[in-house]
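Asker: Residue numbers (this note's numbering): 1 to 171.
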């Protein structure tokens, strides 16, 4: 009986990891990792590098943000969509790290696609919604990364942003 109570006490008194505490301080709740919508892996690892498949601005209830930046969405709307897609990147990172985001050693690269009108030229500012959030969450040393941001005429499900990520994981 005493061993059982010790186990229960250990389970309920488990300290938050450094990243769990950081996310809590920021008021960020990482959603469950979305299931891929096709015949591909949500992430794959080779060595210490983890490659995360494209993530879209999809809410945990399945609703997606749709639209085109420069017509029915503003740049700020696009940045919000990028931040939501980044939440899904974080959920895949967490899954790839066995639930422990403290294992993220470095965000290496972000690949950002923005569905926009032909005249819209601020694609990098839209993807700042992702980059700024990653630096806010992980700090500059871990969260600052290389990236590209390109405009496209369409994306899956009519979403305004799709993001891919490469990150390095501690062993």
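Beta carbons are placed, not taken as given, at the ideal position from N, Cα and C, and that holds for glycine.
Please confirm if the segment 148-167 is in contact with the segment 47-54, defined as three or more CB-CB distances below 8 Å between the two stretches.
Answerer: Yes: the two stretches touch, three or more of their Cβ pairs being nearer than 8 Å.
Asker: Rounded to the nearest angstrom, what separates residue 63 and residue 157 at their Cα positions?
Answerer: By one-based count along the chain shown, residue 63 stands at place 63. By one-based count along the chain shown, residue 157 stands at place 157. Taking the straight line joining both Cα atoms gives about 11 Å.
Asker: Spatial neighbours of residue 23 within its chain, please: CB distance less than 8 Å, with the 5 preceding and 5 following residues excluded, ordered by chain position.
Answerer: Working through the chain shown from its first residue, we reach residue 23 at position 23. Answer for residue 23: 29, 30, 101 and 137, listed in chain order.
Asker: Do residue 65 and residue 81 have their C-beta atoms closer together than 7 Å?
Answerer: To locate residue 65, count along the chain shown from 1; it is residue 65. To locate residue 81, count along the chain shown from 1; it is residue 81. Yes.
Asker: Are the CB atoms of residue 111 and residue 148 within a distance shorter than 7 Å?
Answerer: As a first step, residue 148 is located in the chain shown; it is residue number 148 there, counting from the start. As a first step, residue 111 is located in the chain shown; it is residue number 111 there, counting from the start. Result yes, Cβ atoms of residue 148 and residue 111 sit closer than 7 Å.
Asker: Tell me which residues share the same chain as residue 153 and place their Cβ nearer than 6 Å to its Cβ, disregarding the 5 neighbours each side in the sequence.
Answerer: Position 153 of the chain shown holds residue 153. Taken in chain order, the list of residues that qualify is empty.
Asker: Alpha carbon to alpha carbon, how far is residue 109 from residue 131? Give it in angstroms, no decimals.
Answerer: For the purposes of this step, residue 131 is identified with residue 131 of the chain shown, where counting begins at 1. For the purposes of this step, residue 109 is identified with residue 109 of the chain shown, where counting begins at 1. Their backbone Cα atoms lie some 10 Å apart in a straight line.
Asker: Nearest by alpha-carbon distance to residue 124: which of 69, 40, 139 and 97 is it?
Answerer: What you label residue 124 is simply residue 124 of the chain shown in a count that begins at 1. With distances taken between Cα atoms, residue 124 lies closest to 69.
Asker: Measure how close the beta-carbons of residue 126 and residue 57 come, nearest whole angstrom, since I'm counting them as under 8 Å.
Answerer: By 1-based counting over the chain shown, the position of residue 126 is 126. By 1-based counting over the chain shown, the position of residue 57 is 57. That belief does not hold up - the Cβ atoms of residue 126 and residue 57 are roughly 11 Å apart, past 8 Å.
Asker: Residues in the same chain with beta-carbon distance under 7 Å from residue 92, minus the five sequence neighbours each way, listed in chain order, please.
Answerer: Locating residue 92 in the chain shown gives position 92, where the first residue counts as 1. So the qualifying residues of the chain are 33, 42, 43, 52 and 55.
Asker: Just curious, the alpha helix (DSSP H) that residue 135 is in, first and last residue?
Answerer: Here residue 135 corresponds to residue number 135 of the chain shown, with the count starting at 1. Unbroken alpha helix (DSSP H) run through residue 135: 123-138.
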